[in-house]
Amino acid sequence: MSQPTDVLPSPAPLTTRREVHLVVVEGSASGQRMKIEGPSVVIGKEPSCDLCIPDAAISRRHCVIERKGDGYVVRDLDSTNGTYVDGTRVGEAWLRPGSRIGLGNSVLLFQPVYESTSVPPSDKERFGDLVGRSRAMREVFAVLERVAGTDATILLTGETGTGKGACARSIHRESPRRDAPFVVVDCGAISRSLIEGELFGTEKGAYTGATAARAGAIEQAHGGTLFLDEIDDLPVDLQPKLLRVLEDRVVQRLGSARPRPLDIRVIAATKRDLETMVRGGEFREDLYFRLSVVRVALPPLRDRPEDLPLLASKFLDDADGWEKLSEPLREQLLAHAWPGNVRELRNVLDRLRYLGLEDAPGIQLGGPAAGADEATEAIPRVDFSQPFKEAKESLVDAFEYEYLKRLLERAGGRIAVAAREAGLNRKYFYDLLRKHGLYDRNR
-18 MSQPTDVLPS PAPLTTRREV HLVVVEGSAS GQRMKIEGPS VVIGKEPSCD
32 LCIPDAAISR RHCVIERKGD GYVVRDLDST NGTYVDGTRV GEAWLRPGSR
82 IGLGNSVLLF QPVYESTSVP PSDKERFGDL VGRSRAMREV FAVLERVAGT
132 DATILLTGET GTGKGACARS IHRESPRRDA PFVVVDCGAI SRSLIEGELF
182 GTEKGAYTGA TAARAGAIEQ AHGGTLFLDE IDDLPVDLQP KLLRVLEDRV
232 VQRLGSARPR PLDIRVIAAT KRDLETMVRG GEFREDLYFR LSVVRVALPP
282 LRDRPEDLPL LASKFLDDAD GWEKLSEPLR EQLLAHAWPG NVRELRNVLD
332 RLRYLGLEDA PGIQLGGPAA GADEATEAIP RVDFSQPFKE AKESLVDAFE
382 YEYLKRLLER AGGRIAVAAR EAGLNRKYFY DLLRKHGLYD RNR
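Numbering (the numbering used here), first residue to last: -18 to 424.
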């Protein structure tokens, strides 16, 4: 069985492998534990079973647990007393983390376990659109190289601007599905009233205004890859529907009773801690389990300054781009904390390139390049080579910086006054100032 993997930046353990254990928690064999290693595990009281439980109420070959795609199902083998999952008798059922399987007088716990392991870093400095020579990035590349050619579901995590979208596109392009659709759904950018139809599609007459049948994003990705960005924003009541897509590989349009078969690979991304959301009841544990077969954590740029030369040359579209920057400017870039990560770096270098300031002795980090006149600074430039979402975020970043800078100037540097004029919570206003490098200068 392919081992689920979790990539973490150093000095944390390089990878975490997800294993699945069966633990007998009630009955004569209480305490017995078995790791599921093959495609199936037969359970019964017959000694030849993979898991033998000496319980008179259990049949000789009672049930089997089988791996299906990224998950597991339990199937009853015509036992005398039946197989139960969380108290319900079943013929066949999907298992969730923590599912309790009742057999005779015994109860088994279905339990995922995470163990630290190690994946040697790649010897390459690029994976698709991602570049980096730091160990942290080469560790990420090593796992991506292993899983890109599979259909494993992947969860990408990392701060805003670390390149989760570029990573998802790169995985798709390096996969056997590269010539099929790559469909992006930004769960945080679609209104609550529209997201169900956008994801799952609609039939004519499903609701007022549904004048024609329409395939949703999931159906449009058939044969290819579905990228669910900001998966943490998916409403809780829609999470079971997505879980069914992952488990059964079918999708059902709004207003339709017919499930449609699917052949898709799913990649999801989040900047939030989904485990914390699970504990708080904001995200379903079973969906998290299905999404996190492979977890890849993209490190922040501040933790890999040695990647700046490669990234700068890429964004300046010049193999010698880094060397052509002035030495004071290179030192300034290396010393910056990059709260906006790779996206912030790209925006800064784009401004340098557009304004012909590559040899400038310094720039105003967090905002428009030093040396540009005020009128030029106030007009954000659209980079049409970027995907829509990234181009939009670049424009929003430029707007936020210009708005905050001028508001602070008008308020005489008094943050409380500026926050009140903006109609923003003071804590959120401070966060915005820090994001754009304006807080220290005006504290």
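Cβ atoms here follow ideal geometry from the backbone N, Cα and C, with glycine treated the same way.
Using the Cβ count rule (16 or more neighbours within 10 Å means buried), how would you classify residue i?
| i | result |
| --- | --- |
| residue 384 | exposed |
| residue 202 | buried |
| residue 281 | buried |
| residue 397 | exposed |
| residue 409 | exposed |
| residue 283 | exposed |
| residue 257 | exposed |
DSSP state of residue i, grouped into three classes?
| i | result |
| --- | --- |
| residue 306 | coil |
| residue 178 | helix |
| residue 92 | strand |
| residue 26 | coil |
| residue 148 | helix |
| residue 203 | coil |
| residue 360 | Unreliable positioning characterises residue 360 in this predicted model, as indicated by a pLDDT of 43, which lies under 50. A coordinate reading is not provided. |
| residue 291 | helix |
| residue 372 | helix |
| residue 0 | strand |
| residue 296 | helix |
| residue 73 | strand |
| residue 31 | coil |
Report yes if the C-beta distance between residue i and residue j is below 8 Å; otherwise report no.
| i | j | result |
| --- | --- | --- |
| residue 210 | residue 250 | yes |
| residue 197 | residue 181 | yes |
| residue 36 | residue 63 | no |
| residue 6 | residue 90 | yes |
| residue 403 | residue 414 | no |
| residue 214 | residue 151 | no |
| residue 208 | residue 165 | yes |
| residue 372 | residue 330 | no |
| residue 247 | residue 279 | no |
| residue 82 | residue 55 | yes |
| residue 427 | residue 115 | Shown here, the chain extends from -18 to 424; a query on residue 427 therefore has no answer. |
Counting along the chain, where does the beta strand (DSSP E) carrying residue i start and finish?
| i | result |
| --- | --- |
| residue 83 | 81 to 84 |
| residue 257 | It is not in any beta strand (DSSP E) - residue 257 instead sits in the alpha helix (DSSP H) that spans 255 to 260. |
| residue 57 | 52 to 57 |
| residue 278 | 275 to 278 |
| residue 47 | 44 to 49 |
| residue 16 | 14 to 16 |
| residue 443 | Limits of the chain in this structure are -18 at one end and 424 at the other, which puts residue 443 out of reach. |
| residue 136 | 135 to 138 |
For the alpha helix (DSSP H) holding residue i, just list the boundary residues, first then last.
| i | result |
| --- | --- |
| residue 223 | 220 to 229 |
| residue 325 | 322 to 336 |
| residue 252 | It is not in any alpha helix (DSSP H) - residue 252 carries neither H nor E in the DSSP assignment. |
| residue 217 | Neither: residue 217 is in no alpha helix (DSSP H) and is coded neither H nor E. |
| residue 396 | 396 to 403 |
| residue 272 | 266 to 272 |
Is the stretch 130 to 142 in contact with the stretch 299 to 313, if contact means three or more CB pairs nearer than 8 Å? no
query = Are at least three pairs of beta-carbons, each pair with one atom in the stretch 217 to 233 and one in the stretch 104 to 123, less than 8 Å apart?
reply = no
- request: Evaluate the contact criterion for the stretch 11 to 20 versus the stretch 72 to 82: three or more CB pairs, one atom per stretch, below 8 Å.
  value: no
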